[in-house]
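Heads up: the structure comes next, in structure tokens.
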Amino acid sequence: MRTCTCHLVTALVAGLMAMPLAACGGDSEAGTDSFAVGLLLPSRAVPRWEQSDKPLLEKRLKELCPHCTMEYANAENDATRQRQQMMSMITKGVRVLILDAADTRALRSSIQEADKAGVRVVAYDRLAEGPISGYVSFDGAQVGRLQGEALLKAMGDKAYGGNVVMMNGDPTSPNAAWFRRGAMSVITGKVKIARSYDTVDWSTEKAHTNMSAAIAALGPDRIGGVLAANDSIAAGVISALKSARVRKLPPVTGQDADLDAVQRIVKGEQYMTVYKPFRAEAAAAVAMAVALGRGEDLRGVTTTTTDSPTTKDIPSVLLTPRTVTVANIKQTLLKDGVYTVDQICTRELRPACYKAGLAR
Numbered sequence: 047m048r049t050c051t052c053h054l055v056t057a058l059v060a061g062l063m064a065m066p067l068a069a070c071g072g073d074s075e076a077g078t079d080s081f082a083v084g085l086l087l088p089s090r091a092v093p094r095w096e097q098s099d100k101p102l103l104e105k106r107l108k109e110l111c112p113h114c115t116m117e118y119a120n121a122e123n124d125a126t127r128q129r130q131q132m133m134s135m136i137t138k139g140v141r142v143l144i145l146d147a148a149d150t151r152a153l154r155s156s157i158q159e160a161d162k163a164g165v166r167v168v169a170y171d172r173l174a175e176g177p178i179s180g181y182v183s184f185d186g187a188q189v190g191r192l193q194g195e196a197l198l199k200a201m202g203d204k205a206y207g208g209n210v211v212m213m214n215g216d217p218t219s220p221n222a223a224w225f226r227r228g229a230m231s232v233i234t235g236k237v238k239i240a241r242s243y244d245t246v247d248w249s250t251e252k253a254h255t256n257m258s259a260a261i262a263a264l265g266p267d268r269i270g271g272v273l274a275a276n277d278s279i280a281a282g283v284i285s286a287l288k289s290a291r292v293r294k295l296p297p298v299t300g301q302d303a304d305l306d307a308v309q310r311i312v313k314g315e316q317y318m319t320v321y322k323p324f325r326a327e328a329a330a331a332v333a334m335a336v337a338l339g340r341g342e343d344l345r346g347v348t349t350t351t352t353d354s355p356t357t358k359d360i361p362s363v364l365l366t367p368r369t370v371t372v373a374n375i376k377q378t379l380l381k382d383g384v385y386t387v388d389q390i391c392t393r394e395l396r397p398a399c400y401k402a403g404l405a406r
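47 is the number of the first residue of the sequence shown in this note's numbering; add one for each residue after it.
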């Protein structure tokens, strides 16, 4: 994979997000520059897909190409359903698909069918196999490194040789392995991986079950920290710890900056999350889709290339994630308008918000 410097990525995404409506082909072409874009998201188990990504993608498409339309479907963690949804969209005549694959391998044949039908596919957030035309995501290794670094910092003197439970993501997602590799590059040799679990479908309930097993095997006082791959998994981890009546919760990581995770951070139940500016990801994906829909080259809207197991040199944008703890919620999530103080600081959380400097 070839990468560029972070400031180039930032500059490109800023340009994409500021692109005027006239970029949709100019006034003379606006009436004919109309086509359908299909959006296929993987599940509702992770809140970000429906709450953040979908509305951001829809909004950006209307801004960048007012006469374009979007067809939407959610796979509900079912690769077979997503294949059927893809075929339905191809039959309806979409020109481009923005695909977050429920199973990156299982969708390969459907992506091949799309390619044969002349429908271009932008891989969104997860790199699916097959003839992908473009790819946008966040640097997964950096996500894992941020989680690992934060966990070591939170564990402090207990980190070296301390027991850590690894709560990995869905084994069918290449991102889960990417996150884990990044985290392991930081924590290997510094902590003991006492237990490691994969979390099918990134499910909160399955994370709860796995964490309960870890507590039963190790004992609640012998867990120094939990490296949870995302916020849905962190929710299950924390509920299992509380069910086991663990009074002093070990530091727990997360990812996606879900609202309930941010509230757990304010309460002191979850140590950190990884903030991935979804608006920038959506802007890059839509810019690719519109360019492909017009038959244009992607070199003007991508910054690097990525290799998948089946395809070399996929034009790509890899964005930079950021650590969020209670100390910098104001400088990250509030500053970027992801949430308001009122959304985070419910009546129950007001005292904690005052303490964190989020409310007055």
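Here a beta-carbon is modelled for each residue, glycine too, at the ideal position from N, C-alpha and C.
Computed from a prediction, not measured in an experiment: that's the story for all the values here.
#1: Does the beta-carbon distance from leucine 86 to glutamine 128 come in below 7 Å?
#2: Between which two residues does the alpha helix (DSSP H) carrying leucine 264 extend?
#3: Are the beta-carbon atoms of alanine 222 and aspartate 216 separated by less than 7 Å?
#4: In whole angstroms, what is the alpha-carbon distance linking valine 55 and threonine 350?
#5: Throw me the rounded Cβ distance for the proline 88 and alanine 119 pair, which I believe falls under 8 Å.
#6: Between which two residues does the alpha helix (DSSP H) harbouring valine 283 extend?
#7: Can you tell me whether tyrosine 170 is buried or exposed? The criterion is at least 16 other CB atoms within 10 Å of its CB, across all chains shown.
#8: Runs of 3 residues minimum, wholly inside the region 85–157: which ones carry the beta strand (DSSP E) assignment?
#9: Tell me the DSSP secondary structure of glycine 77 in three-state form.
#10: Within a Cβ cutoff of 7 Å, which residues of the same chain sit near valine 332, ignoring the five residues on either side of it in sequence?
#11: Just to confirm my understanding: we take leucine 395, look at its own chain, exclude 5 residues before and 5 after, and list those with CB closer than 8 Å. What are they?
#12: In this structure, does DSSP put lysine 401 in helix, strand or coil?
#13: Could you tell me if proline 397 is buried or exposed, where buried requires 16 or more neighbouring beta carbons within 10 angstroms of its beta carbon?
#14: Report, in whole angstroms, the separation of the C-beta atoms of asparagine 209 and arginine 226, which I expect to be a contact under 8 Å.
#15: For glycine 180 and arginine 151, what's the separation of their Cα atoms in angstroms?
#16: Within 10 Å of its beta-carbon, does tyrosine 400 have 16 or more other beta-carbons around it, so buried, or fewer, so exposed?
#17: Between which residues of its own chain and alanine 160 is the CB-CB distance below 7 Å, once the five residues before and five after are set aside?
#18: With a CB to CB cut of under 8 Å and the five nearest residues on each side skipped, what residues in its chain are close to tyrosine 206?
#19: Which same chain residues, not among the five before or five after leucine 67, have their C-beta less than 6 Å away from its C-beta?
#20: By DSSP's criteria, aspartate 244 is part of a beta bridge. Which residues make up the other side?
#21: In whole angstroms, what is the alpha-carbon distance linking arginine 406 and asparagine 276?
#22: So what's proline 220 in DSSP terms, helix, strand or just coil?
On the basis of the supplied data:
#1: Here residue 86 corresponds to residue number 40 of the sequence shown, with the count starting at 1. Here residue 128 corresponds to residue number 82 of the sequence shown, with the count starting at 1. Cβ atoms of leucine 86 and glutamine 128: closer than 7 Å.
#2: For the purposes of this step, residue 264 is identified with residue 218 of the sequence shown, where counting begins at 1. Run containing leucine 264: 250–264, per the alpha helix (DSSP H) assignment.
#3: Taking the sequence shown and counting its residues from 1, one reaches residue 222 at position 176. Taking the sequence shown and counting its residues from 1, one reaches residue 216 at position 170. In this structure, alanine 222 sits near aspartate 216, with a CB-CB distance shorter than 7 Å.
#4: The residue labelled residue 55 in the question sits at position 9 within the sequence shown. The residue labelled residue 350 in the question sits at position 304 within the sequence shown. Residue confidence is low: valine 55 scores 47 on pLDDT, short of 50, so the model does not pin down where it sits. No coordinate-derived value is stated.
#5: One-based indexing of the sequence shown puts residue 88 at position 42. One-based indexing of the sequence shown puts residue 119 at position 73. No, proline 88 and alanine 119 are not in contact; Cβ-Cβ is about 10 Å, not under 8 Å.
#6: Locating residue 283 in the sequence shown gives position 237, where the first residue counts as 1. For valine 283, the uninterrupted alpha helix (DSSP H) run begins and ends at 277–289, by DSSP.
#7: By one-based count along the sequence shown, residue 170 stands at place 124. Tyrosine 170 counts as buried, since no fewer than 16 other beta carbons sit within 10 angstroms of its beta carbon.
#8: Look at the region 85–157 and you find these whole runs of beta strand (DSSP E), each 3 residues long or longer: 115–120, 142–145.
#9: Against the sequence shown, residue 77 aligns to sequence position 31. Residue confidence for glycine 77 is low, a pLDDT of 38 falling below 50, so the modelled location carries little weight; the figure read from the coordinates is stated next. Coil, per DSSP.
#10: Against the sequence shown, residue 332 aligns to sequence position 286. Excluding sequence neighbours, valine 332 sits near Leu103, Arg106, Leu107, Leu110.
#11: Counted from its first residue, the sequence shown places residue 395 at position 349. Here the set comprises Gln309, Val312, Lys313.
#12: To locate residue 401, count along the sequence shown from 1; it is residue 355. When DSSP states are grouped into helix, strand and coil, lysine 401 belongs to the helix group.
#13: The sequence position of residue 397 within the sequence shown is 351, counting from 1. So proline 397 counts as exposed.
#14: Position 163 of the sequence shown, counted from the start, is the residue given in the question as residue 209. Position 180 of the sequence shown, counted from the start, is the residue given in the question as residue 226. About 17 Å separates the two Cβ atoms, so there is no contact after all.
#15: Residue 180 sits at position 134 when you count from the first residue of the sequence shown. Residue 151 sits at position 105 when you count from the first residue of the sequence shown. Taking the Cα positions, glycine 180 is about 17 Å away from arginine 151.
#16: The sequence position of residue 400 within the sequence shown is 354, counting from 1. Exposed: under 16 other Cβ atoms inside 10 Å.
#17: Here residue 160 refers to the residue found at position 114 when the sequence shown is read from its first residue. In its chain, beyond the 5 residues on either side, Met132, Ile136, Leu143, Val167 have a beta carbon closer than 7 Å to the beta carbon of alanine 160.
#18: Within the sequence shown, the letter at position 160 stands for residue 206. These residues qualify, in order along the chain: Lys236, Val237.
#19: On the sequence shown, residue 67 is found 21 positions in, with the first residue counted as 1. Summary for leucine 67: the model assigns pLDDT 39, below 50, so the residue's position carries little reliability; its value from the coordinates is reported in the next sentence. The same chain holds no residue with a CB closer than 6 Å to that of leucine 67 once the five nearest residues on each side in sequence are set aside.
#20: For the purposes of this step, residue 244 is identified with residue 198 of the sequence shown, where counting begins at 1. Asn214.
#21: As a first step, residue 406 must be located in the sequence shown, where it is residue number 360. As a first step, residue 276 must be located in the sequence shown, where it is residue number 230. If I take the Cα positions, the gap works out to 30 Å.
#22: Here residue 220 corresponds to residue number 174 of the sequence shown, with the count starting at 1. In the structure shown, proline 220 sits in a helix (DSSP, three-state: H, G or I).
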